[in-house]
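Chemist:
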Amino acid sequence: MAINFPNTPGNGSQHTASGITWTYDGTTWKADGITSSYTLPTASSTVLGGVKVGSGLSINTSVLSMTGVQYTDTTALNAVSTSTHHGLFALLNSDGHGYFARGGTVNITVTVGVDNVNGQATGVFYLNGVEKPALFPINRGVTYLFDQSDSSNSSYNSQSHPIMFSTTEDGDLVSGGTHYDPTTTIYRLDGVIKTMAEYTAQFSGATVRTVHFTPPSNAPDQLWYWCHFHTGQGNSIQINQGPWVQLLDKSSSIGELRDVNLSTAPTNGQVLKWVTASNHWAAADDTTGGGGGSYDNAAVDAHINLSSANVNEVLSWNGSDYDWVANSGGGSSLTVQDEGSALSVDATTLNFVGSGVVASGTGAVKTITIGAAATAPPTISWTLTAPNSSAYVISGDGFPTGQSDPDLYLIRGQTYNFVNNAGSHPFRIQTDGPTANGGTQYNSGVTNQDAGNGVTLTFVVPMDAPDTLYYQCTAHTNMFGTIKVLTQGGSGTTPSRVSTSATTNSVADGVADTITINAYKTYSLLKVQTSAAAWVILYTDQSSRSADSGRNETTDPLPGSGVIAEVITTGAQTQIITPGTIGWNNEASPIATVYAKVVNKSGSTAAITVTITTVQIEG
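Okay, here's the thing in structure tokens:
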């Protein structure tokens, strides 16, 4: 209410309004105090400063008080929407505990990343940046938005990974598993509601991918999140009580913790033990004697201090309790024998040495000779990767660092594992050189031939395996290497002659092309074969081949030019090299490769295959 002060007050002038006296000090009006009772006006749309007293407010003897909202039973508590009253505190008279309202929607960012535990190629789910968390906590009645918009969900390992829920690990990807898909679950792609089947089928084509999951009141205590297409990618979910979260106080009991079940009251001396079947801690007897438990005198007498125990008996576990039993192996009852033949005098000392199993001795001291058990040869494991389509990089046992398409030396009778982590590069063991789509499979002792990504090829080398085999990617001819097969305890059998080949591109008549032929670092050259008329020159290294590119076939190469041999054929024929000539690889780091130039002399456009027959000299 407005106060009308005098227009021209003098210093010391006074004015009284609504029970308050005001004094003018020459500049401002100052209140001197209340001289009578003052009624505070009720506020309205046009009146300023009033207080409206409602059902929760009261004024008694000049004291303003407010009665808060209090719920007296769980039915009333659960009837209050936590989404509307998010952050509200409530006290229940019925149990004396306080509760906190947690409602609304909780956003969870889902990504797919590296599996740092098991190393599976399909990766694992990350929830809010945490790798595959176990017992991820959520509450009944609260909506959780699992946001899969990150591109890793649709592209990790070039595959899609829709998140699902189940009462069993890995859902229906395992026998007996099912989806857990309550009516409260909503799937959206780019904001459009989809069925679960549509969500998984159209997943990769969408940009915004969300699953709105609201655990109902009857949801089990534990669920699982998992990938619709891959096992091992998810983990467990812990379902807590409803959106009203009980607050612990000094009067709370340990039994109020969600994972403690004291439905059966504990008795004196019991401890809490984990029960996997029910996923709870429960009271149980302490059979270890630890944790404060102990045996009393009566318990000790019942097990140890028995007057019925006899000499040479020992305290032994009988399957359910301890008991005194006869020591069948003690004293003079010990008999030492070899294959049924007993020694003449009872033994007091046993010596175990050497190999075999032989008992000897005629006196009081007997010697038993026991040979060491034969040990199986170790399994060698190599891992295959491929930064591109030009070579396998092999690492593992015997390789300090990864090597590109190295020669491999395998021993007959031993086992070798090839772990293929090279992506789209199937791994094959074969009998011939580099061949489009792979050569002839060598399958003796091989498990998982043509192993794809994530698959391990196992090779138990047969005793009759050939001295030379090859490995190759069936999709890329350049990813190729040689396998040398050796005999245990030696350097292998006497080297045998081997034929290897390579084919030029399709070239016109009179046009040259270069090829590389897999052979040995040093070798004896026995034969050169062409599939059509051609001029073929073999070199020690690439630089020699390049330097000789301008020479015509009627001009002999100069001494020291790096030319090992050259032949001119008039058709599909084999040229015998007599006498046999020595060839070698002269690169700075020698490799088992022969460099060749081939000139087409067939009279028409053709791809020329050159086959050389060699015998290995250098390992």
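If you're matching positions, the sequence shown starts at -8 in this note's numbering and goes up one per residue. All C-beta atoms, glycine included, are put in the ideal place defined by N, C-alpha and C. Model, not experiment: these values are computed from the prediction.
1. On the DSSP bridge list, what partners appear for residue 453?
2. Using the Cβ count rule (16 or more neighbours within 10 Å means buried), how would you classify residue 201?
3. If you check the beta carbons only, do residue 594 and residue 500 fall under 8 Å apart?
4. Which of the three DSSP states, helix, strand or coil, is assigned to residue 616?
5. Mapping the DSSP letters down to three states, classify residue 536 as helix, strand or coil.
6. Which residue marks the beginning of the beta strand (DSSP E) containing residue 98, and which one marks its end?
7. If you pair each beta-carbon of the segment 560 to 569 with each one of the segment 483 to 497, do three or more pairs fall below 8 Å?
8. Could you tell me which uninterrupted beta strand (DSSP E) segments, each at least 3 residues in length, are contained entirely in the segment 391 to 468, listed from first to last along the chain?
9. Going by DSSP, name the residue or residues bridged to residue 573.
10. Nearest-angstrom Cα distance between residue 601 and residue 591?
11. So, helix, strand or coil for residue 220, using DSSP?
12. Out of curiosity, what's the CA-to-CA distance linking residue 589 and residue 577?
13. Quick one: residues in its chain with C-beta nearer than 7 Å to the C-beta of residue 281, no 5 flanking neighbours on either side, listed in chain order?
14. State the beta-bridge partners of residue 565 as determined by DSSP.
15. Straight-line CA distance for residue 239 to residue 79?
16. Can you say whether residue 155 is buried or exposed, counting buried as having 16 or more other CB atoms within 10 angstroms of its CB?
17. Is the segment 451 to 466 touching the segment 394 to 404 in the sense that three or more CB pairs, one from each, lie closer than 8 Å?
18. Just the Cα atoms here: how many angstroms apart are residue 135 and residue 151?
19. Across which residues does DSSP place residue 376 in a beta bridge pair?
20. Using 8 Å as the threshold, is the C-beta distance between residue 510 and residue 491 below it?
21. Below 8 Å on the Cβ atoms is my guess for residue 463 versus residue 471; work out the distance and round it to an integer in Å.
22. Where does residue 629 land, buried or exposed, given buried means 16+ other C-beta within 10 angstroms?
23. Around the C-beta of residue 526, are 16 or more other C-beta atoms found within 10 angstroms, so that it is buried, or is it exposed?
24. Quick check on DSSP: helix, strand or coil for residue 609?
25. Skipping 5 residues on each side, what residues in its chain have a beta carbon closer than 7 Å to that of residue 245?
26. Between which two residues does the alpha helix (DSSP H) harbouring residue 190 extend?
27. Would you list the one or two residues that DSSP bridges to residue 22?
28. Do you know whose CA, among 198, 380, 513 and 241, lies nearest residue 468's CA?
29. Hey, would you say residue 163 sits closer than 8 Å to residue 169, going by beta carbons?
30. Between which two residues does the alpha helix (DSSP H) carrying residue 145 extend?
31. May I have the straight-line CA-CA distance separating residue 283 from residue 260, to the nearest angstrom?
32. Can you tell me whether residue 578 is helix, strand or coil according to DSSP?
Modeler: So, to answer that:
1. Paired residue(s): none; residue 453 is not in a bridge.
2. buried
3. yes
4. Only positions -8 to 610 of the chain appear in the structure, and residue 616 is not among them; the question remains open.
5. It is helical.
6. First-last of the beta strand (DSSP E) with residue 98: 96 to 104.
7. no
8. Entirely contained in the segment 391 to 468, the beta strand (DSSP E) runs reaching 3 residues are, in chain order, 399 to 402, 406 to 411, 418 to 421, 447 to 451 and 459 to 464.
9. 515
10. Computed Cα separation, rounded: 11 Å.
11. coil
12. 20 Å
13. Model confidence at residue 281 stands at a pLDDT of 48, short of 50, so the residue's coordinates are unreliable and nothing is read from them.
14. 520
15. 16 Å
16. buried
17. In this structure the segment 394 to 404 lies against the segment 451 to 466, because at least three pairs of beta carbons, one per stretch, are closer than 8 Å.
18. The alpha-carbon atoms of residue 135 and residue 151 are separated by roughly 21 Å.
19. 384
20. Yes.
21. 5 Å
22. Residue 629 falls outside the range modelled here, since the chain spans only -8 to 610, and no answer is possible.
23. Label assigned to residue 526: buried.
24. coil
25. 251
26. Segment 187 to 192, the alpha helix (DSSP H) holding residue 190.
27. In the DSSP output, where bridge partners are listed per residue, residue 22 has 13.
28. Among 198, 380, 513 and 241, the Cα nearest to that of residue 468 belongs to 380.
29. yes
30. 143 to 146
31. Residue placement at residue 283 cannot be trusted, given a pLDDT of 46 that sits under 50; what the coordinates show is reported in the next sentence. Cα to Cα, the separation comes out at about 8 Å.
32. Taken through DSSP and simplified to helix, strand or coil, residue 578 comes out as coil.
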